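For the sequence shown, the numbering used here assigns the number 246 to the initial residue and increments by one for each residue that follows. To start, the structure itself, in structure tokens.
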Amino acid sequence: MLKFNFYGHACFQLDDGKYKILFDPFLTGNPQATIKPDDVKADYVFVTHAHGDHIGDAYRILLKNKATAVGIPEIRDLVGDEVKTIGMNLGGTLKLPFGFARMVPAMHSAGVAGGTCCGYVVSIGGKIIYFAGDTCLFSDMKLIGERDKIDYAVLPIGGHFTMDAYDAARAVEFLGAKNVIPVHYNTWQVIEQDAEEFKNLVKGAAVHIVKPGESLELA
């Protein structure tokens, strides 16, 4: 059974019982964080971009777990030569022991010179998971959903820095996702959102509101 473990803000782990895949590990300084960096287990750490609330504790977690970092080359350079890294870029697909990871566009600033923000489509535990990263709504999300039949979309809804609840609901339609998990909201006042309002806006998909520290079995 594939499990989604939410650690707050946009940090979560996918655990298929054998491999633990961590995304955007911002824990230190995260008021929502429910776990300490030294307590996180990870085989792979995926980073969408280099803003501090996403790259966060990646280096520390990578070193402790002897995990492999995945990201654009500029992100790979930031985590240094002491950790295992796999650099890839938009449109690339990476075959991994648990399945595959495809890097897809996100419309957002990168946080590192020469870099770009991205999202990921990941196949693990018999499910297809799309993590949008930080992004606005863009029409090419339809192409992402056409190529891979998305079981769960993990989408930011906070507004101000990313799309808000209204645009995230439109994104669900574009993607054709069966399920959606909102993230990247209520960490700070500037991105306060009502997840129940988002749930009411979404049509044709199940919305799973997972609170920091909670887990969800992805059936």
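Glycine is no exception: its CB is placed at the ideal position from the N, C-alpha and C atoms. Every value quoted in this text rests on a predicted model; they were computed, and no experiment measured them.
- The beta carbons of D379 and T338 sit about 22 Å from each other, so the pair does not count as a contact at 8 Å.
- A direct Cα-Cα distance of roughly 29 Å separates S354 from D260.
- Contact check for C363 against L388 fails: the beta carbons are separated by 9 Å or more.
- Per DSSP, the beta bridge partners of R347 are T338, V366.
- No residue range can be given for E437, since it is assigned to no beta strand (DSSP E) and is classified by DSSP as neither H nor E.
- At a Cβ-Cβ threshold of 9 Å, P427 and L400 count as neighbours.
- The beta carbon of A440 sits closer than 6 Å to the beta carbons of P427, I454 from its chain, once the five residues preceding and following it are set aside; these are given in chain order.
- Taking a contact to require three or more Cβ pairs closer than 8 Å, the stretch 282-290 and the stretch 406-420 do not qualify as touching.
- Note that the C-beta distance between I317 and M348 is below 9 Å.
- CA-CA distance, E437 to F268, rounds to 22 Å.
- Cα atoms of I402 and H254: separation of roughly 11 Å, rounded to the nearest angstrom.
- Taking C-beta atoms under 8 Å as the contact rule, L307 and A314 qualify, at a distance of about 5 Å.
- With distances taken between CA atoms, A410 lies nearest to Y430 out of D396, K311, Y430.
- In this structure, DSSP gives Y289 an extended state, which the three-state scheme calls strand.
- Excluding the 5 residues flanking it on each side, M333 has same chain C-beta neighbours closer than 6 Å at L339, M348, in chain order.
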